[in-house]
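Student:
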Amino acid sequence: MSKIYGVLAGSAVAGAVTGWLARVLWLWSIAEDERSCEDSVSLCLTFYPLVGIGLWVILGVPMLLLTVWMLDVRPLKATVAASFALQWFIIAVLAGLSRHDLPESAALNVGVMAVGPVLVALCADPARRKAGLAAVGALVTVCLSLVWLANHVNGYFL
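Using the numbering used here, the first residue of the sequence shown is number 22, and each one after it goes up by one.
Structure follows, in structure tokens:
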């Protein structure tokens, strides 16, 4: 088996796990926020959404760092930062396209979040860099187009 296939598979697994983690922490933070504000009659602001985001960063970045290091993808820091940024972008788009402002489907969330690190790993391989960059550009363009369309049609996709 070629090394690139192992890198892509490992990146997909790491992306899927961090995507699942992001959704679980997002749902937990929303549930805790609603629970703590259910008896409030005024404006209620809690720290739970920030805790959920912080926990995802604290748990997700080291997981991506360890995975990228074990898969020997270089440059290490740039690859991890790009993977996490692309995942952050994807989950923000998924939440924005939803009726409840959160990623609705666990399978869709995990599957799409797995794509981010795979595309970044493709960009890190010199032989496949152009294809990886084109795929990242296409993903970002499609996501932004869906957000624009959802805002102008006044509808939701998910």
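Even glycine gets a Cβ: it sits at the ideal position worked out from N, Cα and C.
Note that the structure is predicted; figures quoted are calculated from it, not measured.
Starting from the C-beta of Gly182, find all residues in its chain whose C-beta is less than 8 Å away, skip the five residues before and the five after it, and write them out in chain order.
Tutor: Outside the modelled stretch of the chain, which goes from 22 to 179, sits residue 182, for which no answer is possible.
Student: Apply the 10 Å Cβ neighbour rule to Asn172 and answer buried if 16 or more other Cβ atoms are within range, or exposed otherwise.
Tutor: Looking at its Cβ environment, which holds fewer than 16 other Cβ atoms inside 10 Å, Asn172 is exposed.
Student: Residues in the same chain with beta-carbon distance under 8 Å from Val168, minus the five sequence neighbours each way, listed in chain order, please.
Tutor: If we look at Val168 and ignore the five residues flanking it on each side, its Cβ neighbours are Val114, Gly117 and Leu118.
Student: Note down, one range per segment and in chain order, each alpha helix (DSSP H) of at least 4 residues found wholly within the stretch 67 to 126.
Tutor: Counting only runs of 4 or more, we get 69 to 91 and 97 to 117.
Student: If you measure between the beta carbons of Cys144 and Val161, is that distance less than 8 Å?
Tutor: It is not a contact, given that the beta carbons lie outside the stated cut-off.
Student: Should Leu170 be labelled buried (16 or more other beta-carbon atoms within 10 Å of its own) or exposed?
Tutor: Looking at its Cβ environment, which holds fewer than 16 other Cβ atoms inside 10 Å, Leu170 is exposed.
Student: So, helix, strand or coil for Cys65, using DSSP?
Tutor: Cys65: coil per DSSP, three-state reduction.
Student: Taking all protein chains shown into account, do 16 or more other C-beta atoms lie within 10 angstroms of the C-beta of Ile25, making it buried, or fewer, making it exposed?
Tutor: Ile25 is exposed by the Cβ-count criterion.
Student: Measure the alpha-carbon distance for Cys134 versus Val62 and round it to whole angstroms.
Tutor: In the sequence as displayed, the identity of residue 134 is Met instead of Cys. Each residue's alpha carbon lies about 37 Å from the other.
Student: If you draw a straight line from the C-alpha of Glu59 to the C-alpha of Pro70, how long is it?
Tutor: If I take the Cα positions, the gap works out to 16 Å.
Student: Would Thr100 and Ala35 qualify as a contact pair, given that the criterion is a beta-carbon distance under 8 Å?
Tutor: Going by C-beta atoms, Thr100 is not nearer than 8 Å to Ala35.
Student: Take the Cβ of Pro96 as the centre, count every other Cβ of all protein chains shown within 10 Å, and call the residue buried at 16 or more, exposed below.
Tutor: Exposed, by the Cβ-count rule.
Student: Run through DSSP, which three-state label would Glu59 get?
Tutor: Looking at Glu59 - three-state DSSP - the assignment turns out to be coil, as it is neither helix nor strand.
Student: So, are the CB atoms of Ser50 and Val72 less than 8 Å apart?
Tutor: Closer than 8 Å, so yes.
Student: On the premise that Ser32 lies in contact with Val139, defined as a C-beta separation below 8 Å, what is that separation, rounded to the nearest angstrom?
Tutor: Between Ser32 and Val139 the Cβ distance is about 5 Å, and since that is below 8 Å, they are a contact.
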